[in-house]
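Per our numbering, the very first residue in the sequence shown carries number 545; after that it's consecutive.
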Amino acid sequence: MKIQKLITNRAPVEGSGSPKSTHLFTGILKCGLCGSAMHIESSTGRNKKQYHYYRCGDAKRGFECEGKRISAPEIDAFLAKTILDKILTKESVTEIIREIEISTSEWWKNRKRRRDATVAEIRVAEAKRSKIFDIMETYGKDTPDIKQLSMRLGELRSQIEALEGSLLVLEDEKDPVLDISADDIATATESLRLLVTEEASAATARTFFSSFVKKIEIQAEQVVIKYDPAKIMNHESSVVHSKNWWLPDLDSNQGPAD
């Protein structure tokens with residue numbers, strides 16, 4: 545679908561603005577010529593039918609920009625289909641899961657490194673404490689610098705207690721859960737597609753799109769969608785979620801919840 549087909553001057557502008565709940569990409573679309581945000585503007589045709597468009601904000605305010613207005617319903621449909629066909633695919637979801645698996649592996653490796661380092665510090669402190677005990681046991685009350693050695697024992701005791709405490713915290717860290725099957729991926733992909741194709745869920749779909757689409761630039765010959773694939777599943781590199789977290793909320797009919 546060519547972008548030029550969406551550019552229209554069918555009716556004169558009589559006003560601007562439109563309920564945000566009826567359009568999918570308000571707040572996301574940017575003019576590819578000047579970078580200004582694109583706003584909804586309305587007009588009435590000869591048959592008194594209302595038309596809604598996205599238009600460059602600077603052009604709308606009278607600044608020098610040749611950005612044209614674009615039919616809001618048509619560009620919404622085009623962009624939604626593009627995201628469904630190019631981004632919300634089984635292959636892309638599978639790739640996200642693969643990244644989550646890598647993060648899970650890194651989490652385990654990182655915890656082992658931290659645990660090994662903490663245990664090593666404890667062993668060093670214990671060895672120093674044991675050496676002082678040996679000296680004090682050998683010389684008894686005649687131990688040289690006994691006051692300083694006693695203070696050093698207190699410092700080592702505090703250090704060991706702190707390290708043992710951090711080790712307990714490390715051991716209590718919740719293990720990442722990764723229980724995602726091929727069926728789960730298929731279910732997630734279909735649920736995401738339903739989420740953005742249900743006419744009654746425009747507000748929900750818009751919220752979903754904005755959660756991972758950074759911006760969409762409307763250029764003369766193409767649209768450029770800039771997005772963060774990791775955020776499609778609410779996934780952050782330092783956190784690994786179970787399938788119950790990253791699957792979209794479903795209602796009793798297994799469709800996207802309202």
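Positions of the beta carbon are idealized from the N, C-alpha and C atoms, including for glycine.
Residue i, DSSP secondary structure in three states
| i | result |
| --- | --- |
| S755 | helix |
| Q594 | strand |
| H779 | Because H779 carries a pLDDT of 41, less than 50, the predicted location of this residue cannot be relied on, and the following value inherits that uncertainty. Of the three classes helix, strand and coil, the one that applies to H779 here is coil, per DSSP. |
| R659 | helix |
| A744 | Bear in mind that the predicted position of A744 carries a pLDDT of just 44, short of 50, making it unreliable; the figure below should be weighed with that in mind. In the structure shown, A744 sits in a helix (DSSP, three-state: H, G or I). |
| E676 | In the sequence as displayed, the identity of residue 676 is Ile instead of Glu. Residue state, collapsed to three classes: helix. |
| I760 | strand |
| K540 | The chain is shown only over 545 to 802; residue 540 falls outside these bounds and no answer can be derived. |
| L573 | strand |
| G698 | helix |
Nearest-angstrom Cα separation, counted from residue j out to residue i
| i | j | result |
| --- | --- | --- |
| S567 | I644 | The question names Ser, but residue 567 in the sequence shown is His. Between H567 and I644, the C-alpha separation is close to 32 Å. |
| S647 | T638 | 14 Å |
| L711 | F753 | 41 Å |
| I762 | S755 | 19 Å |
| H583 | T633 | 29 Å |
| W651 | R657 | 10 Å |
| T687 | I679 | 7 Å |
| K675 | G709 | 23 Å |
| S735 | R701 | 56 Å |
| E635 | E610 | 38 Å |
| R621 | K653 | The amino acid at residue 621 is misidentified as Arg; the sequence shows Ala. Using only the alpha carbons, I get a separation of about 45 Å. |
| E765 | L738 | 29 Å |
| L693 | S649 | 44 Å |
| A747 | T733 | 20 Å |
| E743 | R590 | Summary for E743: the model assigns pLDDT 49, below 50, so the residue's position carries little reliability, and this model does not support an answer. |
| K593 | D727 | 46 Å |
| T751 | A730 | 22 Å |
| M695 | K775 | 52 Å |
Beta carbon of residue i nearer than 9 Å to that of residue j
| i | j | result |
| --- | --- | --- |
| L577 | C600 | yes |
| L707 | A671 | no |
| S587 | Y598 | no |
| I631 | F569 | no |
| R659 | I704 | no |
| S580 | A616 | no |
| T662 | L697 | no |
| L573 | K759 | yes |
| R605 | E585 | no |
| P773 | I641 | no |
| R655 | E717 | yes |
ask   = Touching or not, the stretch 762 to 774 and the stretch 618 to 637, by the rule of three or more beta carbon pairs under 8 Å?
value = Touching, per the Cβ criterion.
message = Going residue by residue through the stretch 577 to 651, where are the continuous alpha helix (DSSP H) segments of at least 4 residues, counting only ones entirely within it?
response = Inside the stretch 577 to 651, DSSP marks whole alpha helix (DSSP H) runs of 4 or more residues at positions 601 to 604 and 616 to 630, from first to last along the chain.
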